[in-house]
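Numbering (the numbering used here), first residue to last: 1 to 365.
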Amino acid sequence: MTLLELFIKLLKFKSVTPDDAGTYDFLDSYLDGFECIKLDMEGVKNRLYFKKFGTSDRHLCFAGHVDVVPAGNGWEGDPYEPIIKDDIIIARGTQDMKSGVAAFCHAVKNTKKFDGIISILLTSDEEGDAKYGTIEMLKHLKEINFLPDFAIVAEPTCEEVFGDAIKVGRRGSINGVVVLKGVQGHAAYPNKCINPVELIAPILPQIAGIDLDSGDEYFAPSKLVVTDIRAGMEVTNVTPSELKMMFNVRNSTKTDIHTIESFINEKFKGLDFSLKLSQSAKPFVTNKESLIVKSLQTSIKNITKIDTKLSTAGGTSDARFFGEFGIDTVEFGVINDTIHSVNERTNISQVESLARIFEDLIKRF
């Protein structure tokens, strides 16, 4: 099976989270000769395909997800029947991220020589809540003493030109809700009310859009972004009894949930308020001198002739879970410009180059 045939086959599975839609049955056959660890939880299917070469226990893992977001309306054709126009292929999942899955499955399947263990970790729950996916498989691998030493997550990372960006980390994400209490009353008698809108007015300039740290070579400053403020009953003659403010912080490794808690408590000191914080992702960064970073940079240069930059921009991915387990992790894949959109597409030539980069990395690693 050629790489393009593999890619098209994967795209035809209507694998909307958390349904793998038969993808794993196909991969069980495609990766014949590989051992497989299966972990299924709450409707989510996870797989680790692996093979040991030689005597070394050094473990290199390629990781990704087989699930996609719903297609939506307005496609040129059936979003699960790929359309090819010259070098372009259109279907749900072309960029996010069946291109990456096809590339590393093809590269790993055709590996003949390697000093250590090569594995492929896949989940059907990356686009959803991600509660029973990669994180649970990594917990299981830790229990059986089989965690990888290095990981490549083949999410789409490139920006303008294929090969121009490797993700070596990701910001975390912390959500906050402040409820500020007041005393409801008639707008004509403000002296008998405690208006939470007036209470928060002098505080807002001190918190909205404020940088909580100075950032570093990997991360932009952690900024507090106010996303919603609401109070009252949408009438003009009653002051509100409380105000609710929501915010998000995409945090670097310099700011954590305790930093934010202390910051908000100080700004609202003396007022009747409550604060609820939740963390959906923790930040991580892989040292630029790590073997996986250096090797991937070299392979990209060999195939594309491009000096790739190291980035931590963007949202979250399952790479964050590898980071939590202390695994040196990078992300690299095709250009990211149509993910989750109608008529999602990518270049066939990019997928072919991605597979060649992975093959080159395996040979030199």
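For glycine and all other residues, C-beta sits at the position ideal for the given N, C-alpha and C.
In this text the structure is predicted, and so the values were computed from the model without any measurement.
With a threshold of 16 other CB atoms inside 10 Å of the CB of residue 251, please say whether the residue is buried or exposed.
-> Residue burial annotation: residue 251 is buried, with at least 16 other C-beta atoms found within 10 angstroms of its C-beta.
Span of the beta strand (DSSP E) around residue 41 = Segment 35-41, the beta strand (DSSP E) holding residue 41.
Straight-line CA distance for residue 152 to residue 285?
-> The straight-line gap from Cα to Cα measures roughly 13 Å.
Residue 360 to residue 299, Cα distance in whole Å?
-> Each residue's Cα considered, the two are about 6 Å apart.
Inspect the CB distances between the segment 52-67 and the segment 103-122 and report whether three or more fall short of 8 Å.
-> Cβ pair count under 8 Å is three or more, so yes.
Should residue 84 go down as buried or exposed, given a rule of 16 or more other Cβ atoms within 10 Å for buried?
-> Its Cβ having fewer than 16 others within 10 Å, residue 84 is exposed.
So, are the CB atoms of residue 95 and residue 352 less than 7 Å apart?
-> Taking 7 Å as the Cβ cut-off, residue 95 and residue 352 do not qualify as a contacting pair.
In angstroms, rounded to a whole number, what distance separates the CA positions of residue 5 and residue 157?
-> Roughly 23 Å separates the two Cα atoms.
Within 10 angstroms of its Cβ, does residue 29 collect 16 or more other Cβ (buried), or is it exposed?
-> So residue 29 counts as exposed.
May I ask you to verify whether the segment 158-173 touches the segment 304-323, counting CB pairs closer than 8 Å and requiring at least 3?
-> By the Cβ criterion, the segment 158-173 is in contact with the segment 304-323, since at least three pairs of Cβ atoms, one from each stretch, lie closer than 8 Å.
In the DSSP assignment, find the alpha helix (DSSP H) that holds residue 105 and state where it starts and stops.
-> First-last of the alpha helix (DSSP H) with residue 105: 99-109.
Go through its chain and collect everything with a Cβ distance to residue 147's Cβ below 8 Å, but skip five positions before and after it.
-> The answer, listed in chain order, is 59, 138, 141, 325, 327.
So, residue 174 versus residue 260, is the Cβ gap smaller than 7 Å?
-> With a cutoff of 7 Å on beta-carbon distance, residue 174 and residue 260 are scored as near each other.
Using the Cα positions of residue 306 and residue 293, report the straight-line distance between them to the nearest angstrom.
-> If you take the alpha carbons of residue 306 and residue 293, they lie about 15 Å apart.
Beta-carbon gap between residue 44 and residue 133 smaller than 7 Å | Yes, the pair counts as a contact, with Cβ atoms nearer than the cut-off.
Using the C-alpha atoms, what's the distance from residue 225 back to residue 354?
-> Answer to the nearest angstrom: the Cα atoms are 36 Å apart.
Answer yes if the segment 195-209 comes into contact with the segment 266-278, meaning at least three C-beta pairs across the two stretches below 8 Å, and no otherwise.
-> Yes, the segment 266-278 is in contact with the segment 195-209.
If you draw a straight line from the alpha carbon of residue 291 to that of residue 358, how long is it in whole angstroms?
-> Taking the straight line joining both Cα atoms gives about 14 Å.
Would you mind sorting residue 233 into buried or exposed? The rule is 16 or more other CB atoms within 10 Å of its CB.
-> With fewer than 16 other Cβ atoms within 10 Å, it is exposed.
The alpha helix (DSSP H) enclosing residue 302, as first and last residue numbers | For residue 302, the enclosing alpha helix (DSSP H) starts and ends at 291-304.
Residues bridged to residue 279 [DSSP beta-bridge criterion] | Bridge partners of residue 279: 174.
Can you name, in chain order, every residue of its own chain whose Cβ lies under 8 Å from the Cβ of residue 17, other than the five neighbours on each side?
-> 67, 68, 69, 124, 125, 126, 127, 128, listed in sequence order.
For residue 235, does the count of other Cβ atoms within 10 angstroms reach 16, so buried, or fall short, so exposed?
-> The residue in question, residue 235, is exposed, as its Cβ has fewer than 16 Cβ neighbours within 10 Å.
For residue 385, does the count of other Cβ atoms within 10 angstroms reach 16, so buried, or fall short, so exposed?
-> The question about residue 385 has no answer here: the residues shown for the chain are numbered 1 through 365.
Can you tell me whether residue 227 is buried or exposed, with buried defined as 16 or more other CB within 10 angstroms of its CB?
-> With fewer than 16 other Cβ atoms from the protein chains shown falling within 10 Å of its own Cβ, residue 227 counts as exposed.
Pull up the distance between the alpha-carbon of residue 296 and that of residue 104, whole angstroms please.
-> Each residue's Cα considered, the two are about 13 Å apart.
The alpha helix (DSSP H) spanning residue 56 covers which residue range?
-> DSSP places residue 56 in no alpha helix (DSSP H); its state is neither H nor E.
Helix, strand or coil at residue 167 [DSSP, three-state] = In the structure shown, residue 167 sits in a strand (DSSP, three-state: E or B).
Are the CB atoms of residue 99 and residue 346 nearer to each other than 7 Å?
-> Going by C-beta atoms, residue 99 is nearer than 7 Å to residue 346.
Who are residue 328's beta bridge partners in DSSP?
-> Answer is 150, bridged to residue 328.
Thinking C-beta only, is residue 74 closer than 7 Å to residue 11?
-> Not in contact: residue 11 and residue 74 (Cβ atoms no closer than 7 Å).
In angstroms, rounded to a whole number, what distance separates the CA positions of residue 365 and residue 31?
-> If you draw a straight line from the Cα of residue 365 to the Cα of residue 31, it comes to about 21 Å.
Which term fits residue 106, buried or exposed, when burial requires 16 or more other beta carbons within 10 angstroms of its beta carbon?
-> With 16 or more Cβ atoms within 10 Å of its Cβ, residue 106 is classed as buried.
Given a cut-off of 7 Å, decide if residue 219 and residue 117 are closer than it, judged by their beta-carbon atoms.
-> No; because the gap between Cβ atoms is not below 7 Å, this pair is not in contact.
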